[in-house]
Every structure is written in structure tokens, then in C-alpha cells.
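Colleague: In the working numbering, the protein residues as written are 0 to 726. Dumping the structure here so I can ask a few things about it.
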Amino acid sequence: MGDIGCDGTSAESGPPRGTEGNLPLEPDAFVGRAAELDELSRALAASRLVTVTGPGGVGKSRLAARAAARRAPRDGVWRVELAALGDAEFVDHVVVEALGLTDHTTRPPRETLRSHLAERRLLLVLDGFEHLVDACAEMVADLLRRAPGLRVLAVGRRALSVAGERLVPLAPLGEDEAVRLLAVRAGQHAVGAGDESQMRELCRRLDGIPLAIELAAGRLGALSPGQVLERLGDRFRLLTGGGRDALPRHRTLRTAIGWSHELCTPEERLLWARLSVFAGHFDLEAAEYVCGGNGLAAGDVLDVLSALLAQSVVTREETPAGARYRMLDTLCAYGAEWLAGVGDAERLARRHRDWYVGLATWCELDWFSPRQREIAARVEADLPNLRRALEVGLTDPDEAHLGQHLAGSLWFSWVGCGRLAEGRHWLEQAVRIDSGHERPRLKALWVLAHVAILQGDAVPALAALRECRRRAERAADRTALAYAEHRAGCLALITDDVSRAETLLRSALERYDGIGELNSNVLMARVELAMARAFQEDLPDAVRMCEDVRRVCEERGERWARTYALYVLAYAAWREGDPARARELLTDSLDGAHGFSDLLGSVLALELLALVTVTEGRAAEAAVLQGAADRMWPSVGLRLFGSAHYNTPHELCEARAREHLGDERYEERVRRGARLGRDEAVRRALRGTGAAGGGPAPEGSVRRAAAGAPTQEPAASPAREGGETAG
0 MGDIGCDGTS AESGPPRGTE GNLPLEPDAF VGRAAELDEL SRALAASRLV TVTGPGGVGK
60 SRLAARAAAR RAPRDGVWRV ELAALGDAEF VDHVVVEALG LTDHTTRPPR ETLRSHLAER
120 RLLLVLDGFE HLVDACAEMV ADLLRRAPGL RVLAVGRRAL SVAGERLVPL APLGEDEAVR
180 LLAVRAGQHA VGAGDESQMR ELCRRLDGIP LAIELAAGRL GALSPGQVLE RLGDRFRLLT
240 GGGRDALPRH RTLRTAIGWS HELCTPEERL LWARLSVFAG HFDLEAAEYV CGGNGLAAGD
300 VLDVLSALLA QSVVTREETP AGARYRMLDT LCAYGAEWLA GVGDAERLAR RHRDWYVGLA
360 TWCELDWFSP RQREIAARVE ADLPNLRRAL EVGLTDPDEA HLGQHLAGSL WFSWVGCGRL
420 AEGRHWLEQA VRIDSGHERP RLKALWVLAH VAILQGDAVP ALAALRECRR RAERAADRTA
480 LAYAEHRAGC LALITDDVSR AETLLRSALE RYDGIGELNS NVLMARVELA MARAFQEDLP
540 DAVRMCEDVR RVCEERGERW ARTYALYVLA YAAWREGDPA RARELLTDSL DGAHGFSDLL
600 GSVLALELLA LVTVTEGRAA EAAVLQGAAD RMWPSVGLRL FGSAHYNTPH ELCEARAREH
660 LGDERYEERV RRGARLGRDE AVRRALRGTG AAGGGPAPEG SVRRAAAGAP TQEPAASPAR
720 EGGETAG
């Protein structure tokens, strides 16, 4: 994904100038297509909406990637893969995800996109949209109207049919380029392509379709071009594919795929069909579990998968989450037809769901460990498959409790990784189902309340908490009661009902202790209680609690809750007249929060850094940091939660900066800060060590301490000491 988050008008600014969004600048192994590349480049220069059309396997995506990299605008090129998305309702969510946007508010993702794109100049590449054409066409038309700097390059088998669209149909390769592609791909398999006349005949028989040629090249390690031609001829007579009205080249591609399929061993065909259940990337462990058994031993999956790799049916990619595999959507669709034809699709969908339910459960358990960043990367890589598992889990009435469990277990992703809107969608679906299993539904309820609290939506949060508490009391579920009470304390804290917040949080911590719960949630409850104490002027008690949280975090390798404990300790250091120490703690906190894409933690740290900076005697820089924070808040929610307690340090910083700079210069510096994107603002803040002259200690006492971050817990609720998942 591209390195973008949210900004003050919607989502955060794009990448620094000179970067290219999330699209690779050098699409791999691009062969030929010089004329088509020039034509597409000219079309992109002349039109804001260009659609590359053509049959599957003709090379649309590679051509689009090369043309986009050639004409990258100021704010980069951003690619959105839609082939694996099954639900048109999630088109906007997937685009938000591809842009790397984080938005904690209740506004729809379309509004986030409109605001983010309004003043940017970027190219959005929508790849594989044909099964979602209506939703994509409506979105593209809307965004182009509202974002004058936006250009869209769509890639699919049909037009979007949006006003102003320019079509660039892509034909198969000419004979010379086809032969060259065959030779290059054969070389990648460490074999020679053989006799040129036979190569040309083979490319002609394959109609110059790149995917068909690549499949043929995958066979040249075992067969000569002549043998391939001989076998291909038989299949062309038998496997016409498609309907009578299908385009000849569509039939040719299907025939080439069918021919490659028939040349596979029975085990290879079986794995090909079963792999079609995955959405996008998958890893070896998932393939072994989901596809193993019933005629294909799990221990044999690796060898069979390797054979499919050698035949270009499956590709391998290196990702932040490790080595992963995928099939092109055309090959995946072919496998899905075979899977349905043998009546095994439903069973494989359940196995797929079960694997990803297990994965989410393991990730939640493992969050309370030094592997938090690995877990975040793993969930991001598997998000398309997790969505598919949620679809299956929440549409099967007999097993809906598994969907409820999955939606609840993923709360660390919804809360900590900027996916509140999507999480709320799944959680609201989950709590509407009476699955007959109370525990997963209770968990979905308190997670829904947590998400709604972070979005600033108090009424639905209260409703979910009341239902959760009522059902938990009836079921005598001590864990759900603890979490419901904890979330109620969070809500009271950010609405300035500090005394009630302290009562609820202390009660929740007693409940956690009674059931032996220790995880990131419990540590955050302690930080929130420390914050309530700080708001009531008991700073020593707040420091004691946060030092204890910090110690536990460092013993367990927990990084997320630690960032909030450091935040409270930084405020205490500032109050004690040690701005250098406060800055040290805050830069550590900000670096950690930003590393997890924790927008709330980042903006709170920036706010307090501004106060420390003005204390150091650098009023102009403090105003810049306040401007940067102002730009981020609309994507978090109500600035400083609308809380008088949280707002006091901001007001103090602004008053001191205005006093030193004057109103006009202060406003100018704030505007300068508001032009910074989140990444740039964080880099600037982290470079701000070594303040000029330390400045005076804070004068007087701030009556309400802006101590911490009560509502943004770390992205998981790992196990109690006994190893169960939170809630």
C-alpha cells in the first residue's frame, strides 16, 4: 500500500514529491507493446478517464502499470486491485485501503475519498473492475466531478460507460512480439524455446494472447515446441470453451487454459481448483490446510504447488508478510468452475473460513507479545481473505457464531489499523444475528461499542454496551462484563465525567484481575485510569500507574500500550519542569504510534509536543505543530474529543505562542503546519530534538492534565495468562 494516511480535510496528504504512490515503477518483465504504450500515454495526457479494455490474459494490467509509471503526477500513482472483491458495497472501502487512508470518524468512505482527492493531483488505477462495473462507474463519475486533479486509469474487459471516458482497446501481440515473449518466458524457465518456425506457429495458434503464451512456455521444460503444437491441436478441436457467441480469442484463451489444465497431473488439477477459493494472495500454510485432504495429502501440497509455479499457473511474490502466492483472476475463475463442477465449492469455502477464523484468533492471542508489527503486516496481507471468510461466516445461519467470533477477534485491526468504518460494518452485521451462541455475540457487542466510541458516536456505543451488559449478566459471563464496564469507563472519560470514569475503570480492572486477564486492553485500562487521576490533579498516582504499565510492556515486548503510557509520563515531565525529558518520551511515543499507523496516538503526541516546544522557547515551531495536528483531527473525530480536560494544554500552547508571535504570525505558522501531511509532520516533529535553550519551566499549574489516550487501545486483546483470547 502507498504511504498515505489522513489529513485535516479528510485523509492525509500524499507521498512526498517524487514518490509514485503504491504502483511499482518497473512492472516486471514487460515485453514489447511500444506502440500501445505510446497510445495509452497520449490518452492519459488528453483525458481524465481512460479505460484499457480487452480479453482476459491479453496484458492489460502490465501495459497500464508501465503507462502509469511513465506519467506519474505530483501526488503519485495508486493502484486498486478489485478482482478479489466480491461485494460491490466494499468498493469505496477498498479504494480507501489502497490509498492508505486512515479515518476514525463515522463519515462514509466516499466522503473520505472526496475530501482526500479534492486538492490532489494523482492517478488512480482501478484494475479488474468488470464484475463491479456499476459501483465503480458511479464512484468514478462522482470523484471526477469533485476532484479536478484526479485522473483514472481503469483496466477491465468492458467499458465503465462514464461520460468523458476514452477507451483504449488492447489487441493480442503481433507475431514478432509474441515470439519474443515466448523466448523470454522460456528463458526464465531455463530452457530454450527451440525451432523458430515452430515457435511462430505456436504463437499463431495461441492468437498472440500473452497469458496463453506464458502457459505454453511453462511446458517447454518437458515438451518441445513441436510436441506442444501437437497436443495443442487436439485440445483446440475438443476444448472450444465459452458459448457459440463468444469471441474467437476468448475461446482461444479458454482453450489454452483448458489445454494447460489437461496437461496437469490429477493432483495439480485438484490443487488448481481448490486454490480458487482464495481471494488474492495466500501463503503455503493456508494452502496446505484449506486444500489438503480428500485426495491430496497436506504434505504433498508444496510439491504440487511448485509444479503449478513452474507452469505459470501460480505466481510467487515477496511481501512484508513473507512469501505469498496467487493466481491470475482468469486462471482462478477457471479453477472455480471446476471446483463447482465437482460439487466441492461449499466444503472448500468452509475450510477457507475456518483457516482464517483460526488465523484471526491466533493473531489476537499473539498481539500481547513482541510480534505486534508482524501481526499487523500479516492481517493487512490477508485482509481480502479475511473479508471473504466474514462473508461466508455471516451468511451461513447454522454457523453464524463463527462469523461473529471472527468479526470480534479482528477488533485489533478495526481499532488499531485505521479500519473503523469497515469494522463497524461487519460488527453491525454480526450483532444482528441470533446465532444461539452468546459468547461470540457478546464480544461483537463490546467491540462494536469500542469502535463507535472511537468514532465519536456515543448513542450507538451506549446501546451496544447496555445490551452487552444485560446479556452478560444473564449469562453470568464475567469476561464480557469486564469489557463492557471498561468501555463504559472510556466513554465517561472522554465526555469529562471523570469521577464516573474512575469508578468504572477501577471496577473493570478488579474484574480483569478476578478472571486473570492480562493483555493490551488491561494495560490500556490502567493508562486510562491514570489519566482520570491526572485530570483530578493526582499526578504522582498517574505516574506510578504508567511506570508500572511501561515496565509490563517492556517485559512482554508490548509496544502499543507503551506509547500511551509514555504520553502520560511525558506530560508529567513537562509539569515537573523537565521539557527535555518530556520531549524524549514524546518522540518515543510518537515514533511508536506512527509505526503502527495509529492516527489518534500520533495526533495526541503532536499536540503535546507543541506544548513542550513552546515551553522550550520555540513558539513559531510550536504553531507549525499545532497546524499539523489541526489538519489531522477531522480524520480522528471531534478535536480533542470536545473535552475541556484534553483541550487545556492545547489552549495553553496557543496562548503562549500567540503572545510570543502575535496573532498574524501565529496564524501564518499554523497555516504552514496545516500544509504538512502526516508523514512529513511526524518526520519534522521527530527531528525536533535539541531545542534551543530549554526555556523556562512551565509557569503555574495547568488545572487539567492532558495525560493520555483513553480510547485508542492497542490493536489486539491477546490472551490471559492461560492463553484465551480477550473477551
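The beta carbon of each residue, even a glycine, is placed where N, CA and C say it ideally should be.
Spatial neighbours of Glu35 within its chain, please: C-beta separation below 7 Å, excluding the five flanking residues on both sides.
Modeller: The residue given as residue 35 occupies position 36 in the sequence shown. Cβ neighbours of Glu35 beyond the five flanking positions: Leu62 and Leu169.
Colleague: Can at least three beta-carbon pairs, one atom from the region 291 to 301 and one from the region 357 to 370, be found at a separation below 8 Å?
Modeller: With a cut-off of 8 Å, the region 357 to 370 and the region 291 to 301 do not count as touching, because too few Cβ pairs lie within range.
Colleague: Relative to the C-alpha of Leu43, which residue among Leu123, Pro54 and Ala97 is closest?
Modeller: Counting from 1 along the sequence shown, the entry for residue 43 is found at position 44. Looking at the Cα atoms, Leu123 is the closest of the given residues.
Colleague: By alpha-carbon positions, which one of Leu210, Ala285 and Trp337 ends up nearest to Glu261?
Modeller: As a working note, residue 261 is residue 262 in the sequence shown. Selected option, being the one with the closest Cα: Trp337.
Colleague: Do the region 427 to 445 and the region 398 to 411 make contact, defined as three or more Cβ pairs closer than 8 Å?
Modeller: Taking 8 Å as the limit for Cβ pairs, the verdict is that the region 398 to 411 does touch the region 427 to 445.
Colleague: My parser needs the beta strand (DSSP E) runs of 3 or more residues fully inside the region 122 to 189; what are they?
Modeller: Listed in chain order, they are 149 to 155 and 165 to 168.
Colleague: Where does Ala481 land, buried or exposed, given buried means 16+ other C-beta within 10 angstroms?
Modeller: Stepping through the sequence shown from its first residue, residue 481 is reached at position 482. Buried, by the Cβ-count rule.
Colleague: Let's see if you can read the secondary structure: which residues bound the alpha helix (DSSP H) around Glu213?
Modeller: Translated into positions along the sequence shown, residue 213 becomes position 214. Pro209 to Ala216 is the span of the alpha helix (DSSP H), which, as asked, contains Glu213.
Colleague: Would you tell me roughly how many angstroms separate the C-alpha atoms of Pro171 and Leu214, rounded to the nearest one?
Modeller: Locating residue 171 in the sequence shown gives position 172, counting from the first residue. Locating residue 214 in the sequence shown gives position 215, counting from the first residue. Answer to the nearest angstrom: the Cα atoms are 15 Å apart.
Colleague: Taking Cβ positions, are Val356 and Val414 nearer each other than 8 Å?
Modeller: On the sequence shown, residue 356 is found 357 positions in, with the first residue counted as 1. On the sequence shown, residue 414 is found 415 positions in, with the first residue counted as 1. Cβ distance not < 8 Å, so Val356 and Val414 don't count as in contact.
Colleague: Going by other Cβ atoms of all chains shown within 10 Å of its Cβ, with 16 needed for buried, is Leu637 buried or exposed?
Modeller: For the purposes of this step, residue 637 is identified with residue 638 of the sequence shown, where counting begins at 1. The residue is exposed, with fewer than 16 neighbouring Cβ atoms inside 10 Å.
Colleague: Please classify Asn293: is it buried, with 16 or more other beta-carbons within 10 angstroms of its beta-carbon, or exposed?
Modeller: The residue labelled residue 293 in the question sits at position 294 within the sequence shown. Flag for Asn293 reads exposed.
Colleague: Assuming Arg156 and Gly56 are in contact, meaning their beta carbons sit under 8 Å apart, how far apart are those beta carbons, in whole angstroms?
Modeller: Taking the sequence shown and counting its residues from 1, one reaches residue 156 at position 157. Taking the sequence shown and counting its residues from 1, one reaches residue 56 at position 57. Contact flag wrong, Cβ pair sits at about 10 Å.
Colleague: Taking a contact to mean a Cβ-Cβ separation below 8 Å, would you say Gly75 touches Leu112 in this structure?
Modeller: Taking the sequence shown and counting its residues from 1, one reaches residue 75 at position 76. Taking the sequence shown and counting its residues from 1, one reaches residue 112 at position 113. Taking 8 Å as the Cβ cut-off, Gly75 and Leu112 do not qualify as a contacting pair.
Colleague: Would you list the residues sitting across from Leu538 in a DSSP beta bridge?
Modeller: The residue labelled residue 538 in the question sits at position 539 within the sequence shown. Note: Leu538 sits in no beta bridge, so no partner.
Colleague: Could you pull the DSSP bridge partners for Gly321 from this structure?
Modeller: Within the sequence shown, numbered from 1, the residue matching residue 321 stands at position 322. Answer by DSSP bridge pairing, in chain order: Thr318.
Colleague: Tell me whether Glu698 is buried or exposed, calling it buried when 16 or more other Cβ atoms sit within 10 Å of its Cβ.
Modeller: On the sequence shown, residue 698 is found 699 positions in, with the first residue counted as 1. Interpretation of Glu698 is limited by its pLDDT of 35, a score under 50 that renders its predicted location unreliable; no figure is taken from the coordinates.
Colleague: Let me see if you follow: with CB-CB separation under 8 Å, is Gly417 close to chain C or not?
Modeller: Note that chain C does not occur in the displayed structure, where there is just one protein chain.
Colleague: Going by beta-carbon coordinates alone, are Val567 and Ala604 separated by less than 8 Å?
Modeller: Along the sequence shown, one-based indexing puts residue 567 at 568. Along the sequence shown, one-based indexing puts residue 604 at 605. Against a cut-off of 8 Å, the Cβ pair of Ala604 and Val567 comes out as no contact.
Colleague: Could you tell me how far apart the beta carbons of Val681 and Leu589 are, in whole angstroms, since I believe they sit closer than 8 Å?
Modeller: The residue given as residue 681 occupies position 682 in the sequence shown. The residue given as residue 589 occupies position 590 in the sequence shown. The Cβ separation is near 6 Å, so the contact holds.
Colleague: What are the boundary residues of the beta strand (DSSP E) that includes Trp77?
Modeller: In the sequence shown, counting from the first residue as 1, residue 77 sits at position 78. Start and end: Val76 to Glu80.
Colleague: Check the DSSP bridge columns for Leu441 and list the partner residues they point to.
Modeller: Residue mapping note: residue 441 aligns to position 442 of the sequence shown, counting from 1. Leu441 is not bridged to any residue.
Colleague: How would you label Glu284, buried or exposed, when you count the other beta carbons within 10 angstroms and need 16 or more for buried?
Modeller: Position 285 of the sequence shown, counting from 1, holds the residue named residue 284. Result: exposed.
Colleague: Quick check: what's the CA-CA separation for Val183 versus Leu228?
Modeller: Against the sequence shown, residue 183 aligns to sequence position 184. Against the sequence shown, residue 228 aligns to sequence position 229. The straight-line gap from Cα to Cα measures roughly 19 Å.
Colleague: Below 7 Å CB to CB, which residues in the same chain sit around Cys652 once its five sequence neighbours on both sides are set aside?
Modeller: Numbered from its first residue, the sequence shown carries residue 652 at position 653. If we look at Cys652 and ignore the five residues flanking it on each side, its Cβ neighbours are Ala609, Leu610, Val613, Ala621 and Gln625.
Colleague: Measuring only the C-alpha atoms, how far is Trp559 from Tyr511?
Modeller: Here residue 559 is taken as the residue at index 560 of the sequence shown, counted from 1. Here residue 511 is taken as the residue at index 512 of the sequence shown, counted from 1. Using only the alpha carbons, I get a separation of about 19 Å.
Colleague: When you compare the CB positions of Arg179 and Val30, do they come within less than 8 Å of one another, or not?
Modeller: As a working note, residue 179 is residue 180 in the sequence shown. As a working note, residue 30 is residue 31 in the sequence shown. For Arg179 and Val30, yes; Cβs fall inside 8 Å.
Colleague: What residues match up with Leu48 in a beta bridge as DSSP calls it?
Modeller: On the sequence shown, position 49 is the one that residue 48 refers to. Beta-bridge pairing links Leu48 to Val151.
Colleague: Using the Cα positions of Glu501 and Leu100, report the straight-line distance between them to the nearest angstrom.
Modeller: Counted from its first residue, the sequence shown places residue 501 at position 502. Counted from its first residue, the sequence shown places residue 100 at position 101. C-alpha separation (whole angstroms): 34 Å.
Colleague: Taking 8 Å as the limit between beta carbons, can you name the residues of its chain near His188, skipping five residues before and five after?
Modeller: Position 189 of the sequence shown, counting from 1, holds the residue named residue 188. Ala216, Gly217, Leu219, Gly220 and Ala309, listed in sequence order.
Colleague: Give me the Cα-Cα distance between Leu675 and Ala628, rounded to the nearest whole angstrom.
Modeller: For this step, residue 675 is matched to residue 676 along the sequence shown. For this step, residue 628 is matched to residue 629 along the sequence shown. Near 9 Å, if we compare the C-alpha coordinates of Ala628 and Leu675.
Colleague: Taking the C-alpha atoms as reference points, what is the distance between Ala185 and Glu80?
Modeller: As a working mapping, residue 185 is identified with position 186 in the sequence shown. As a working mapping, residue 80 is identified with position 81 in the sequence shown. So the alpha carbons of these two residues sit roughly 28 Å apart.
Colleague: Between the C-alpha atoms of Arg150 and Pro107, what's the straight-line distance to the nearest angstrom?
Modeller: Position 151 of the sequence shown, counted from the start, is the residue given in the question as residue 150. Position 108 of the sequence shown, counted from the start, is the residue given in the question as residue 107. Rounded to the nearest angstrom, the two C-alpha atoms are 22 Å apart.
Colleague: Give the range of the alpha helix (DSSP H) segment to which Ile493 is assigned.
Modeller: Stepping through the sequence shown from its first residue, residue 493 is reached at position 494. Ile493 -> alpha helix (DSSP H) spans Arg477 to Ile493.
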